[in-house]
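Below: one structure, written as structure tokens.
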Amino acid sequence: MEKYIYLILIGFIAGIINTISGGGSLITLPMLIFMGLPSSVANGTNRIAILIQNFFSTAGFKSKNINPFPFGLWLGISALFGSVIGAYLGSIYFKDEIFNKILGIVMLLVVAYMIFKPKITDEITQEQTSGKYFYLQLIIFFFIGIYGGFIQAGTGIFIILALHSISKIKLVKTNAIKAIVVIFYTLSALAIYAYNDKIDYAIGFIMAIGNALGAWFASRWSVNKGDGLIRWFLIVMVTFMALKLWFPEWFSVGFRT
């Protein structure tokens, strides 16, 4: 019972983080590994919570009359095709030890971005979602799909960066589009992980309860309140877990199922 409460709590925190700024899987994925799941299974299991969370997040945005269509639909389809490649790499190609090293490097790179990134503002501007900007985003989101299918952690941050810097979309709508895109590419990735028997369904659905509650709460509350606090929380936690992935012998405390 204690383990299940812990999973729901971690999922709730990740659901809030994913909805507000992206990066919740930087916590949930290594936590599942520390609990004793093989890295490929942790990677697949995490997708259940991500998928359910984003359905709830989308419903929350819809209740606030925030419409991510049709732009989000096209980006989601592009990311879906990319995720097939990434999920194959994540579920079959890389051994657990190599995956853990890659995840640790990615986590530290994301931390560096969070420290030095320019501040995202919601100044009034014209959205750039047609013509060359549309086709450029399709290409970018195909590669985001590859990354998301492979490792997931930090994908939301890359999506926000692409939508805000290239298409000039405001942060609230950006997060709504992000939820749609993640649903699309997670569906294909989840199917591949399931086919290769890389999912612990019990753990995935229990953690998904927390993710869903966190996403619903954050999508209806606000996507810009508490961003600074979450940013520094992520920096500290992700740095610690990245070091634990690279140097497990340094840490005597572990999590086991």
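Residues 1438 to 1694 (our numbering) make up the sequence shown, in order.
Quick reminder that beta carbons are idealized off the backbone N, C-alpha and C, glycines included.
Are there 16 or more other CB atoms within 10 angstroms of the CB of residue 1648, so buried, or fewer, so exposed? buried
Chain-order list of residues whose beta-carbon lies under 6 Å from that of residue 1449 (same chain, five-residue window excluded): 1647, 1650 and 1651
Between which two residues does the alpha helix (DSSP H) harbouring residue 1684 extend? Note, residue 1684: premise wrong, no alpha helix (DSSP H); not H, not E.
Tell me the residue span of the alpha helix (DSSP H) that contains residue 1550. 1533-1553
Within 10 angstroms of the Cβ of residue 1446, are there 16 or more other Cβ atoms? Answer buried if so, exposed if not. exposed
Within 10 angstroms of the Cβ of residue 1673, are there 16 or more other Cβ atoms? Answer buried if so, exposed if not. exposed
Helix, strand or coil at residue 1631 [DSSP, three-state]: helix
Contact check, residue 1515 vs residue 1587 under 8 Å by CB: the rounded distance? So it is not a contact: roughly 16 Å between Cβ atoms.
What span of residues does the alpha helix (DSSP H) with residue 1598 cover, start to end? 1592-1602
So, are the CB atoms of residue 1547 and residue 1591 less than 8 Å apart? yes
Skipping 5 residues on each side, what residues in its chain have a beta carbon closer than 8 Å to that of residue 1624? 1488 and 1517
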